[in-house]
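Take a look at the structure set out below.
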């Protein structure tokens, strides 16, 4: 319970934090060409903050009744504030380097008790000491340009990283821009503990044990939005370990939550154009604005055109157009309705990798085996959410998402190694795949007061439905000169005779309680009851009846326990136990589906923040086990539908490791994010006894990874200001070996770098270089005939960016 020293009840206060829209240290005495039209004073202050990169804090109520005059002069920030506040009952207070607050000119003497520090952040919430006075409705106007995320929403409600008793990594939009990421896969491959694998453009993201589960704005998706552009997202949140409490069935690996950009209360815009190696080019546009005077109706539009060149021969550029629009409306003070839509049109050339040559070697990285005909993918996504804030600090939220995907793609892969003449037998396929996803989530969260302490409760229900129509047809030409032949239009056949229609539905009730046992000690207890029901049918000349799948689950309970202990203001210790489940289709000798796989993780670690939250450090140790894995039953044979093979739920795999991460600003001019992961992943039990003790998934999950990205921004205090406005960045990605039964990729490292220059407060130019030492490596090691895909050679990207 929050205790007040007086009976004075604090009324609602809205604190607006206008953050810098460009990185770099700017001194208060710097003169800016300020251009602000006559408008409401709060909007004028936001515009000044945006143009100067200054933090300006003020109470909305104090400035609500004022208008500003036109300002079109070269001034310092303090001079501009004086002009804007001239003749008003307001005064300026400098509260830090490059930070000001606006207060009423004649403050009334009141005993308000001791107000403790409030941490305001880009997600719009405030964290506070248990004994601090509560200041509700903290709002942020501009986006925070930092590698540190003060809050995350992957757990349905906004929480600080310290409140979550599991490892969490965050990729912010600032880091995405600094490193010049043009795809989700490139961005996530830089994240601590994440490994990107698979065909380029259709990647999977491995965390600790297996492929990650996916959320968008906190709502579960079965298909990752990896084809969308990273410019659409405010941040990407990565929670390590089982997340079935909130997502239902899924691997015990972790979840990735893609948080899309939302409208801002102040008008802002940005645009960028880029050009790079192999004829790559890109343009992006992002604008946000209120539509009325009080900002209750606001919108945002993001559009990106990306053309990605290839380092290998005979392949056209991949072309992708992405448009995202979102509108928010504050129906009343406590109720907000959001409506958004995303459209993606993609044309790409499939690459399923290279076969070995007759010497057992992979051809050089300029080689391409495939059909040089565009595959097409089109996506439209509609989302609706409604949030209501009750007077008792409870919040209710309803979210709905409808997504449609249409895919028509061509692919070619070899069935054999190349013979001495460079020829191989191949499979040439045409695939038509349509998917419709519907995802619903409703939850309520808020405080409850028991035994003079404030606790938090979350209750909710969600449903996901996937409808898949899938058909394919293959041709099998022999003795093809695959390194030189890339036109197969005379061979490919698009006459699909039958289509499989699969429908999967999962749903569940979830509840989680954060119980404050002591002021510094919080216990989290949670659980979920889940249902999973698949069915399928064949659509052909005669459509078959629906067949219910064997992998159905009813009332599967998933527990969660976590403990968080705030050792002091900087350090927090945590521990947690979490479970997951995955339904299985394999059958035992009785003809029954195997019990679901059950995964569990125990994790403990320490989280710390320094420099007022500008620098975060996390250290964790974890162990995951996945049991009930379907393995061959050696004691029974003759099972129907499986070639006579019977299965039993007896396999078990273990992941055990350590993870370290440092994120933030050690100094005002220096930003970095670095992480190290050690992950010993092995078989504990398998029907093939020779596997026991061996590495599990050695082709996609390395035992060790190290990732670093660091940027230093120069200012006038260095070298007499000769480098003022310039920034230099350097990064490293290193990993240990990965291998299959046919090939091994030894450990390797790549080095990336960046140099940027802030031309003025609005314009910046940067040059990004990747794999500077031109390391040759297999990004995706495969087998003798396919899935050997090289990583990109040395490449560059030049970007001109404007922000207003």
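Residue numbers (mature numbering (1 follows the signal peptide of the UniProt record, and there is no 0)): -28 to -1, 1 to 776.
All C-beta atoms, glycine included, are put in the ideal place defined by N, C-alpha and C.
Fair warning: this is a prediction, and the values are worked out from it, not measured in the lab.
With distance defined between alpha-carbon atoms, name the residue in the options nearest to residue i.
| i | options | result |
| --- | --- | --- |
| residue 401 | 52, 347, 517 | 347 |
| residue 270 | 259, 279, 715 | 259 |
| residue 600 | 635, 555, 632 | 555 |
| residue 182 | 215, 226, 152, 172 | 226 |
| residue 18 | 506, 28, 10 | 28 |
| residue 365 | 421, 677, 336 | 421 |
| residue 510 | 137, 520, 203 | 520 |
| residue 323 | 295, 214, 314, 285 | 285 |
| residue 338 | 648, 296, 120, 287 | 287 |
| residue 320 | 345, 8, 491 | 345 |
| residue 396 | 451, 540, 443 | 451 |
| residue 184 | 209, 460, 203 | 209 |
| residue 830 | 697, 59, 50 | Only positions -28 to 776 of the chain appear in the structure, and residue 830 is not among them; the question remains open. |
| residue 179 | 750, 677, 754 | 677 |
| residue 363 | 398, 350, 307 | 307 |
| residue 187 | 137, 245, 128 | 128 |
How should residue i be labelled, buried or exposed, when 16 other C-beta atoms within 10 angstroms of its C-beta is the threshold for buried?
| i | result |
| --- | --- |
| residue 143 | buried |
| residue 74 | buried |
| residue 282 | buried |
| residue 228 | buried |
| residue 415 | buried |
| residue 341 | buried |
| residue 205 | buried |
| residue 54 | exposed |
| residue 596 | buried |
| residue 782 | Residue 782 lies beyond the stretch modelled for the chain, which goes from -28 to 776, so this question has no answer here. |
Please go through the same chain and pick out, in chain order, the residues whose beta-carbon is closer than 6 Å to the beta-carbon of residue i, but skip the five residues on each side of it.
| i | result |
| --- | --- |
| residue 441 | 406, 471, 473 |
| residue 46 | 3, 5 |
| residue 571 | 214, 224, 552, 598 |
| residue 383 | 322, 324, 401 |
| residue 495 | 487, 489, 535 |
| residue 691 | none |
| residue 747 | 720, 722 |
Per DSSP, what are the beta-bridge partners of residue i in this structure?
| i | result |
| --- | --- |
| residue 699 | 685, 728 |
| residue 429 | 418, 485 |
| residue 772 | 245, 737 |
| residue 314 | 296, 353 |
| residue 254 | 246, 278 |
| residue 505 | 477 |
| residue 457 | Paired residue(s): none; residue 457 is not in a bridge. |
| residue 329 | Note: residue 329 sits in no beta bridge, so no partner. |
| residue 538 | 544 |
| residue 366 | According to DSSP, residue 366 bridges with nothing at all. |
| residue 340 | Note: residue 340 sits in no beta bridge, so no partner. |
For residue i, which of helix, strand or coil comes out of DSSP?
| i | result |
| --- | --- |
| residue 663 | helix |
| residue 123 | coil |
| residue 193 | strand |
| residue 35 | helix |
| residue 631 | strand |
| residue 545 | strand |
| residue 384 | strand |
| residue 265 | coil |
| residue 345 | coil |
| residue 756 | coil |
| residue 83 | With a pLDDT of only 38 at residue 83, under the threshold of 50, the placement of this residue in the model should not be trusted, and no figure is reported. |
| residue 42 | coil |
| residue 287 | coil |
| residue 100 | Legend: pLDDT at residue 100 = 32, less than 50; position of this residue unreliable, no value from coordinates given. |
| residue 777 | Given that the chain is displayed from residue -28 to residue 776, the structure contains no residue 777 and the question cannot be resolved. |
| residue -6 | Residue confidence is low: residue -6 scores 30 on pLDDT, short of 50, so the model does not pin down where it sits. No coordinate-derived value is stated. |
| residue 531 | strand |
| residue 400 | strand |
Compare the C-beta of residue i with all C-beta atoms of chain D and state if any pair is closer than 9 Å.
| i | result |
| --- | --- |
| residue 203 | Here there is only one protein chain, and chain D is not present. |
For residue i, collect the residues of the same chain with a Cβ closer than 8 Å to its Cβ; drop the 5 residues on either side in sequence, then sort them by chain order.
| i | result |
| --- | --- |
| residue 39 | 10, 11, 12, 13 |
| residue 544 | 134, 536, 537, 538, 578, 579, 580 |
For residue i, which residues in the same chain have their Cβ closer than 7 Å to its Cβ, ignoring the five residues on either side in sequence?
| i | result |
| --- | --- |
| residue 604 | 617, 619, 659 |
| residue 756 | 327, 328, 389, 714 |
| residue 172 | 323, 761 |
| residue 670 | 710, 711 |
| residue 16 | 8, 40, 56 |
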